[in-house]
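Heads up, the thing below is written out as C-alpha cells.
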Amino acid sequence: NTISVIGLGYIGLPTAAAFASRQKQVIGIDVNAHAVDTINRGEIHIVEPDLDRVVKTAVEEGFLRAATRPEPADAFLIAVPTPFEGDHQPDMSYVRAAAASVAPVLKKGDLVILESTSPVGATEQMAEWLAGERPDLSFPQQAGDASDIHIAYCPERVLPGQVMIELFKNDRVIGGMTATSSQRACDLYNLFLEGECVVTNARTAEMCKLTENSFRDVNIAFANELSLICAEQQINVWELIRLANRHPRVNILQPGPGVGGHCIAVDPWFIVAQNPQQSRLIRTAREVNDAKPHWVLEQVKQRVAECLMASDKRASDLKIACFGLAFKPDIDDLRESPAMQVTRLIADWHQGSTLVVEPHIHQLPEKLRDKVTLLALDDALQQADVLVMLVDHRQFKAIRPEAVQQSYIVDTKGVWR
Ligand code: SAJ
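So in UniProt numbering the end of the sequence shown lands on 420, straight run, no missing numbers.
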C-alpha cells in the first residue's frame, strides 16, 4: 500500500516521514522543486528537531521519495497551506489546486484525507471538487458508505519544536464523511500513532481544530489584557498571575509581545469569517492580541522619553536593544513573530540605533537587515540605554541580575520581573 502526502511543509513532511519510519511506501508531493530535490537527497528544507534524522533514514532505506506531480497511491493526505486573505477570509486555493492535481490519479477504493486547517464545510467542498473532476467515480456525498472514494478530515495538532514527539503521541480527531471513511483513516494513522483515534464527522473535526487554537488565543488575550490593566494600576502582572493561579480552578496563561506562529493568530479568523454575529469574544481576543505589539512600542517610547529626560543624550545617540526575534522561546522560527514586528516598529520609529540579540540566528532576516544590528548578548547589555525583552529564551532567563545596569526596561515576558 502506498501513501501519498501532498504538501511537504511543517506538517506534511513530518507526517510523510512518520509513515516511512514504519516502513510504508510514501510519495511526498510538493510544487516546490527545490524542496523535492532536497528531500530526495535525504535532507530537509525546514527546521524541526529530529526531522532531519528520520527523513534521512527513510530516504536512504527507500521508503520515502518526493516528486512534483501526484502519482497513483492508495491514500492521499492533503497538508497544504490555508492562509487568510486580506479581509480575514480563508484562502482555500491551495486545497483546491491539490484536489485538482490528485483527481486524475484516483482509483476505486482510494482514501483522501484533508489535514489542512480549514473552515467548516471544507471537506464536503473538497469532495465536490473531486467529484467534479471524476464523474466516473462515486463519492460519499452521493453514494454514502458504498462510495468508490473515501474522504475524511483529520487535523494535525502538533506543537512546532516538538512535532516528532507529538505526531506520534497526541490523540487524533478523525472526521470521516462516512463510517467507512473514518475506519479507513483510523487504520491509516494507527500505522504509526501511539495516541488514540477519536471518531466524529467531518464538520465537527474541522470545528475542533479551529476551537483548539481559538481557545488558546482567547486565553492568551486574557493574559495580555491583564498586562495592560496592570501597567495602568502599577501592579506586577507576573506576580498577579502567579497568585491567581494558586486558586484550584484558575490557570491563566502568560502575557507577551503578541501572538505569533502560523496557526493561533490565523485559525480564529476562520470561525469569525463564517459566524461574524456569534463570534464576538473570539474576534475581540484576536484584536487584543494583534494590538499588543503596538502597545509595546508605546511603552518603549515612554521609556526612551524618560531616559532622554534623565540624561544629556540626544535621541539619535540612544541605543535600544531588543532581546529575541523568534515567535516563541527556544526556537529559531522568526515567521509571523510579534517580536519581529515590535523590533521593526521600534527601528522604524527610533532615530538612534536599534540592536538585536537573537542567539538562535547568525544572520538577520532581510526585512531587518538595513534597520538593526545583530549583537552578542553581553555586547548589547553593555551598549544599550533601553532594553526591550521580547522572547523568554533560555539564554535570557539565565542573565545575572547584576549584568543589567539599565533602569529603562520594557519586559514583555517577565524575565526581569
Ligand atoms: N503565547 C503567549 N502566552 C502563552 C502561550 C503562548 O503569548 O502563555 C504565544 C507564543 O509566544 C506564540 C504564540 O502564543 O507567539 C503561539 O505559541 P503556542 O506555543 O501557543 O502555539 P503554536 O502556534 O506553536 O502551536 C499551536 C498549538 N495549539 C495549541 O496549543 C492549542 C499546536 O498544538 C497546534 O498544532 C498548532 O498551533 C497548529 O499547527 O495549529
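Note that CB positions come from ideal geometry on N, CA and C, so glycine has one too.
Asked	Found
Roughly how many angstroms lie between the CA atoms of Asn-204 and Gly-179, to the nearest whole one?	5 Å
Does the beta-carbon of Lys-331, which I'm using as the reference point, lie nearer than 7 Å to any heavy atom of the ligand SAJ?	yes
Excluding five sequence neighbours on each side, which residues of the same chain lie with their C-beta closer than 7 Å to the C-beta of residue 2?	No answer is possible for residue 2: the residues shown for the chain start at 4 and end at 420.
Can you name, in chain order, every residue of its own chain whose Cβ lies under 7 Å from the Cβ of Gly-45, other than the five neighbours on each side?	Val-58, Lys-59, Val-62 and Glu-63
Examine the ligand SAJ and report whether any of its heavy atoms sits within less than 7 Å of the Cβ of Gln-257.	yes
Can you tell me where the alpha helix (DSSP H) holding Gln-344 begins and where it ends?	341 to 352
Among Thr-415, Thr-357, Leu-311 and Lys-322, which residue has its Cα nearest to the Cα of Pro-332?	Thr-415
At what residues does the beta strand (DSSP E) containing Leu-67 begin and finish?	67 to 70
Would you check if the distance between the CB atom of Ala-383 and the CB atom of Val-407 is smaller than 8 Å?	no
Roughly how many angstroms separate the alpha carbons of Ala-130 and Lys-111, rounded to a whole number?	14 Å
At a threshold of 7 Å, does Ala-226 count as lining the ligand SAJ (C-beta to nearest heavy atom)?	yes
Report back the beta-carbon spacing between Pro-93 and Phe-273 to the nearest angstrom; my notes put them in contact at under 8 Å.	5 Å
Can you list, in chain order, the residues of its chain whose CB lies under 7 Å from that of Phe-66, leaving out five sequence neighbours each side?	Ala-23, Gln-26, Lys-27, Gln-28 and Val-29
Please determine if the stretch 366 to 386 and the stretch 291 to 307 are in contact, where contact requires at least 3 C-beta pairs separated by less than 8 Å.	no
Below 8 Å on the Cβ atoms is my guess for Leu-114 versus Arg-187; work out the distance and round it to an integer in Å.	5 Å
Where does Asp-414 fall in DSSP's three states?	strand
When you compare the CB positions of Thr-120 and Pro-158, do they come within less than 8 Å of one another, or not?	yes
Indicate the three-state DSSP secondary structure (helix, strand or coil) for Tyr-156 in the structure shown.	strand
What first and last residue would you give for the beta strand (DSSP E) that runs through Arg-175?	175 to 179
Leaving out five residues before and five after Ala-38 in sequence, what residues of the same chain have Cβ atoms less than 6 Å from its Cβ?	Leu-11 and His-48
Whole-angstrom Cβ separation of Asp-90 and Thr-5, contact assumed at under 8 Å?	Actually they are not in contact, since the Cβ atoms of Asp-90 and Thr-5 sit about 40 Å apart, beyond 8 Å.
Under the criterion of a Cβ to heavy atom distance below 7 Å, does Gly-178 qualify as lining the ligand SAJ?	no
Helix or strand or just coil, what does DSSP make of Leu-117?	strand
Given this structure, state the Cα-to-Cα distance separating Phe-399 from Ile-364, to the nearest angstrom.	15 Å
Taking the alpha carbon of His-297 as the reference point, which residue from Leu-358, Ala-313, Pro-341 and Val-269 has its own alpha carbon closest?	Pro-341
Hey, is Arg-219 close to the ligand SAJ, as in C-beta under 7 Å from one of its heavy atoms?	yes
The beta strand (DSSP E) that contains Thr-203, what's its start and end?	200 to 204
Give me, in chain order, the residues of the same chain whose beta-carbon lies closer than 8 Å to that of Ala-234; leave out the 5 immediate sequence neighbours on both sides.	Val-240 and Gln-302
Whose C-alpha, out of Glu-127, Ala-134, Ala-288 and Ala-155, is nearest the C-alpha of Asp-220?	Ala-288
Taking just the CA atoms, how far does Ala-329 sit from Arg-420?	21 Å
Is the CB-CB distance between Glu-309 and Tyr-411 below 8 Å?	yes
In or out: Gly-147 buried (at least 16 other Cβ within 10 Å) or exposed?	exposed
State the Cα-Cα distance for the pair Pro-258 and His-353, rounded to the nearest angstrom.	25 Å
Give a single yes or no on whether Leu-162 has its beta carbon closer than 7 Å to a heavy atom of the ligand SAJ.	yes
Kindly indicate which three-state DSSP category Pro-52 falls into: helix, strand or coil?	coil
CA-CA distance, Met-210 and Ala-276?	13 Å
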